[in-house]
Structures are given as C-alpha cells and as structure tokens.
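In our numbering, the protein residues as written are 2 to 567.
Down below is the structure, laid out as structure tokens.
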Amino acid sequence: WTPTEAQGPGTYSFAVRVTDGVANTDAPISVTVNEVNVAPVVTGVPAAVTIPELVAYTFDADATDADVPVQTLTFSLVGAPAGAAIDPGTGVFSWTPTEAQGPGVYAFAVRAGDGVTSTDAPITITVNEVSIAAITNLAAAPRASGNDADGTILVDLTWTGVAPTDSVIIYRAPFGAYPEYDDAGGSAPAAPSFPPGAPWQRAGAALGTAGFADDAGARNYWYYVAVVRGAGDNYSGVSNRTSGTLNYRLGDVSNGVAPGTGNNTVGTEDISTLGAHYGITGAANVAPVAYLDVGPTTDFSVYGRPTTDNAIDFEDLVMFAINYGAPAAPQGIAAAAGTARAEAGGARLTLEAPDRVAAGAEFVVRLRLAGGGALRALSAALAWDAAVAEPLAMEPGAWLASQEAVAFAPKPGTVDAARLAGAFEGEGEIAVVRFRALATGDPALAFAAVRGRDGANRGVEITTGSRPVAAPAPAVTALALPAPNPVRHATAIAFSLAQAGPVDLAVYSVTGRRVRTLAQGDHAAGEHRVAWDGRADDGARLAPGIYWTRLVAGGRSFVRKLTVLQ
C-alpha cells in the first residue's frame, strides 16, 4: 500500500485473514499514515535576463503545490536589489532600475512558500547603462504660409539624429514684455537644466525626426529647447537653445477692425495705422501704440527681435514695407540681413529748389527719384537756412501711386518713402515739401542726410544731386485781405507780385495819414507776407477803429479795409 496524499494523515485499522477453506483466522493491524509536506514547484522565473536602466521590467512567477488539503502559497524575494518587488499573492515581479543601478549585475531568488516549506528559483538580472544623445541642431523658423488669421503664426521646429521610436519633448520660453521687449524689462531666458522649469513651458512632443509645429498663442520672441525620451524614463540632456523666433509678422498691427490686433498679413490697413501715428517720439507718446515700434531689430531683418527706440519712423516703415503682402522666406531674409551693405543700386535722388525766395512767400521743393537696382525704401532729411525759410508740410508725389509706394514725414523737412511691392523702378517725383520764406534770400536748401534700404533692409547707396529752379511768379499783382481781420493784437498782410519791382505797403488812418510803413523798396516776383503788430511807426499801439492797407506796385494801387479792436 502506498498511501495517497489524501490518505495522510490518518489511522487505518483492519485485519489480515488466513483461511484453510474450513476455518479463518484474523490478525488485526492498525496502520497510522503520517503527513509528509510536498515543497512548492516554482515556474515562470527566467534564470538570467538583461534589461536597460530606468525601464520598467516585469515577469509573472507561478507556483504549484501537491499538498492536500490545499495550502496557501506566498511569493517573496530573497536578496533582491533595492526597488524590486513581487506581489505575494499573484507572483507578479516588477522593478525599474534607477540610474545609479546601471550598469550592474543582480543575483537573487524568487521564493514560493506554503507555510511549511519553500522553494527558491534563482535569477540573475544584468542592468545595462543607457545613454541618449542630446539634440545639437534644434532649429526654429516662422511658418511663411498656411497660417490662420488670429494674429500669431506657427513656428516650425526641426532636428535630426533621433531614433524613430524615441519621442522629442519641446519646451518654449519667451523673451517677454511684448511689444516693448527690452525697454519693458524683457530678457532672453537662460538655457535650462533637466527638467526645464519656469519660464520654460512644455509646448508638445513628436516622434523621431517628424518635427513639431508650435502655436504659442501669445505674441512674443520665443526660444526653444528639446529633450529626447527613450524607453522608460531615459532622457537625453537638454538640446541647444534656439536663438529666438518671432511668432507674428512685424507690421501686422490691424485686422481692419481693432488696431493692435493682427490677421497674419501686412496690408493697407496696417500701413494706414502706421501713417496715422508716423513721427511720434518718446516713451509716453509711443506707449499707446507700442505695437508700431518694430524697428530696428536685432539683426535688421523682419525676423529679428524689435529693439524698440520709442520713435515711429523710417526704421519701422522699412519693416512694414518688406513684410507687406506675402512674406519672404525666413532663411533668405536672415542671410541677407547679415550682410553689412548691399552693392550700390544705381538710384539717384535729386532736390529741385529755388536759390532765392522773397520774404513772406510760400514756395515748394521737389524730390525726384530715379530708381535702380535694389532700392526699396529711403529717408531724406533736408537742410536749409533757418533764418530764411521754414518747412510747412509735405505732400507725397503723384508718381508714388504708380509704384505702389507711400511717403510720410516724421518731422518737418524729412521725407521717408517706401515701395510696398519690390524695388523702385523708373523715375518720378516722390515728394513735394512746402516752405515759407522768412526773409528774402537764398534758403540754402540741400540734403542733410539720405539713407537707402533694400528688400533685406541692407544699406543701399543713393547718389544725390540738386537742381535750382526759379520760384514761380504769380499771374497777377494783388493785395490780399489782412488775416485775421478785425485785429486785436497782430495780423498778416499778404501780397503777390507778378513782376519784380519797387513796392510800397503801408497802413493809413481814415483821414489819409500814413501811420505805419510795412514794406518799401525792390521785391522779387512771387508771394509775400508781412506781419503787423498793430503799432504805428513810433511804436505806439493804434487806437481802435477803421484803417486802410495800401499797396503801390507795378504802377497800380490796391487798398484793403482793416479794423482794429480794443
């Protein structure tokens, strides 16, 4: 008899009988069967395995036990490395080796016990060191086309050298303080360590070298870094930090409804907004429209960060003009902007101005441009004798319309012009500047400074010249009404001479007495203007009443009534 597992423990009484066919004899016997524990059998534990550090590893250990009644089996680890664990009931083993545990070899055992005895299954785990190379060629570029109209554009991130199964996590940080940037306390963020903290923020992730399109949502000058994540928690170091990227178009300042809110296109509404504020200077004046202060930039390209100079002027006009309509490719613009000076483009700017003017007359000077080469924008500041003339206003030349160009005056006597569609071509008048003669003589008009820029905002040399012209003579000699009239303190009396000659202009009382001589002697043909302070020749202020102004010139006499008030 071999007692079964189920028959132990137990006591069994029975008899052994012998018979001769007639009679029987029984020999009683009592057999006690003792319980013998059977050790568990462990399976599912690999003898040896190699795994990478920082990657979760698991296996499922199994165990059986032949004992009856059924005993509860419990799993445990013997000599296991730190961090390793096994579920006591299910036998599921789990371990994520730390960075410090790789490389290394770890020998231990998985134990299954039934409460009486146990069985150990040995295992050796080799942990390999994992090293993921950091990206060294992370690049960022604003997307030239395919953007929506919300006023910010996508920034495309590219890189190479990453395994297809690894993920690349992108982080961004702003220069800050848009649109004034450094003037308002912004600064470039320092390259971060891992994991990046504030001001760095996670932008997204992509697999392998698929690239990533970032929509930051808010306008700024953004910097980027990337981290490669391999299997598990294995990360590379932080990549190179990009040099900074605008996520909007410089000059995109209006969506046709709200100034300061763009639509990702620089158009006529943006040029109009610029023109409405052109020439303002100073932090307090510029602050309400600081989004117009876009030039110059750090690299003079339309993709650089605005350095903001608290002046809405030529540097800003150039940015608007270059970005007008379809933007150029970022790479081409950036490369061109890095060149100190473009080759001379063959453009010539001529100043047409009179070399003699008559006191009180208004006269004009004309700026004519002969385009050539790469000239896209120009700024011409005039010089003049301030004792002889003063600037009044500037009017864009009619030729600009055919060039799809604009002209603005940032201050009296300066003309800024830019073509919105390519370089200037042909020849024509870009501006007419109106002056008033303060005294008779040569106004000494000349160019004080002339600057030219091409489509990459590089300097372009412009040849300058001048051509004297005669101030146009009026068609007739006439005396205008005093203005203002009636007079309280002062007025101005204008007259025109069709021909040069002697002039006598005076104020008379109603009795015919000459009380003040205003002009005498030879005068040039042209428009003249004489100020009168309401006083007589002896300096006494005239009493209220009716007076007459009388002009004798060209053999004729002209009289106008003048009323002096208290």
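The C-beta atom is built at its ideal place from N, Cα and C for all residues, glycine as well.
Cβ-Cβ distance between residue i and residue j below 8 Å
i, j, result
"Pro289", "Thr274", "no"
"Leu439", "Ala388", "yes"
"Pro475", "Ala499", "yes"
"Ala178", "Gly187", "yes"
"Leu383", "Val434", "yes"
"Gly116", "Ile171", "no"
"Gly92", "Ala134", "no"
"Val24", "Ala16", "Residue 24 is actually Ala in this sequence, not Val. No, they are not a contact pair."
"Val553", "Trp533", "no"
"Trp385", "Pro444", "yes"
"Ala67", "Val39", "yes"
"Ala432", "Glu396", "yes"
"Phe195", "Tyr236", "yes"
"Thr351", "Ser467", "yes"
Member of the options whose CA lies at the smallest distance from the CA of residue i
i, options, result
"Val366", "Pro53, Met320, Glu353 and Gly373", "Glu353"
"Ala142", "Trp160, Thr262, Asp149 and Ile136", "Trp160"
"Val226", "Lys562, Ser467, Pro413 and Phe213", "Phe213"
"Leu158", "Ala219, Ser244, Arg357 and Pro123", "Ser244"
"Val560", "Ala554, Leu566, Gly527 and Trp549", "Trp549"
"Pro572", "Asp151, Val128, Gly45 and Ala62", "With the chain covering 2 to 567 only, the question about residue 572 has no answer from this structure."
"Ala541", "Ala525, Arg530, Ser237 and Arg517", "Arg517"
"Asn18", "Val37, Thr298 and Ile30", "Reading the sequence as shown, one finds Arg at residue 18 and not Asn. The shortest C-alpha separation from Arg18 is found at Ile30."
"Gly218", "Ala207, Val451 and Thr262", "Thr262"
"Val511", "Ala450, Ala113, Ala544 and Asn264", "Ala544"
"Ser240", "Gly233, Val229 and Asp234", "Val229"
"Gly442", "Ala360, Gly372 and Pro41", "Ala360"
"Val267", "His278, Leu251 and Ala507", "Leu251"
"Gly147", "Ala312, Ala62, Pro397 and Asn264", "Asn264"
"Ala501", "Tyr304, Val488 and Gly527", "Gly527"
"Glu462", "Arg452, Gly456, Ala140 and Ala471", "Arg452"
"Tyr107", "Thr351, Ala49 and Phe94", "Ala49"
"Trp1", "Asp184, Ala150, Trp2 and Phe176", "No answer is possible for residue 1: it lies beyond the span of the chain, which begins at 2 and ends at 567."
Rounded separation between residue i and residue j - CA only
i, j, result
"Arg342", "Arg459", "Confidence at Arg342 is low in this model, with a pLDDT of 48, below 50, so its placement is unreliable and the value that follows should be read with caution. So the alpha carbons of these two residues sit roughly 5 Å apart."
"Ile323", "Ala419", "9 Å"
"Ala174", "Ile154", "16 Å"
"Thr99", "Gly231", "15 Å"
"Gly522", "Arg349", "41 Å"
"Ala381", "Gly276", "17 Å"
"Ala399", "Leu480", "32 Å"
"Ala191", "Glu130", "30 Å"
"Pro70", "Ala7", "8 Å"
"Thr492", "Pro411", "30 Å"
"Ser558", "Val531", "17 Å"
"Val37", "Pro10", "8 Å"
"Ile281", "Asp300", "24 Å"
"Thr415", "Val477", "33 Å"
"Ala113", "Ala57", "23 Å"
"Thr224", "Trp96", "One detail in the question is off: residue 224 reads as Tyr in this sequence, not Thr. Taking the straight line from one Cα to the other gives about 38 Å."
"Val111", "Thr51", "17 Å"
"Asn221", "Ala408", "29 Å"
"Glu344", "Ala450", "Because Glu344 carries a pLDDT of 47, less than 50, the predicted location of this residue cannot be relied on, and no value is offered for it."
"Arg377", "Met320", "11 Å"
"Ala1", "Leu566", "This structure gives no information on residue 1, because the portion of the chain shown stretches from 2 to 567."
"Leu446", "Ala312", "26 Å"
"Phe436", "Thr465", "21 Å"
"Ile124", "Pro47", "6 Å"
"Gly22", "Pro4", "31 Å"
"Gly305", "Leu393", "36 Å"
"Thr75", "Ser14", "37 Å"
"Ala520", "Asp539", "16 Å"
Start-to-end residues for the beta strand (DSSP E) that takes in residue i
i, result
"Asn286", "Taken as a continuous stretch (DSSP letters only), Asn286 belongs to no beta strand (DSSP E), being part of the alpha helix (DSSP H) at Ala284 to Val287."
"Val93", "Val93 to Trp96"
"Phe60", "Tyr58 to Asp61"
"Asn274", "The identity of residue 274 in the sequence shown is Thr, whereas the question assumes Asn. Premise fails: Thr274 lies in the alpha helix (DSSP H), Thr269 to Ala277, not in any beta strand (DSSP E)."
"Asn129", "Ser119 to Asn129"
"Val156", "Val156 to Thr159"
"Asn25", "Asn25 to Val34"
"Pro53", "Ala49 to Pro53"
"Val106", "Gly105 to Gly114"
"Leu352", "Arg349 to Ala354"
Unbroken alpha helix (DSSP H) run spanning residue i, endpoints
i, result
"Gln404", "Trp400 to Gln404"
"Phe315", "Phe315 to Asn324"
C-beta neighbour in chain D for residue i, strict 8 Å
i, result
"Val19", "Structure shown: chain D not included; a single protein chain is present."
(message) Please give me, in chain order, every unbroken run of the beta strand (DSSP E) with length at least 3 that falls completely inside the stretch 365-404.
(response) 378-384 and 390-397
(request) Identify every run of the beta strand (DSSP E) within the stretch 470-515, keeping only runs that are complete inside it and at least 3 residues long; order them along the chain. (result) 492-498 and 502-510
(request) Identify every run of the alpha helix (DSSP H) within the stretch 171-221, keeping only runs that are complete inside it and at least 4 residues long; order them along the chain. (result) none
(request) Report the residue ranges of all alpha helix (DSSP H) runs contained in full by the stretch 213-262; include only those spanning at least 4 residues, in chain order. (result) none
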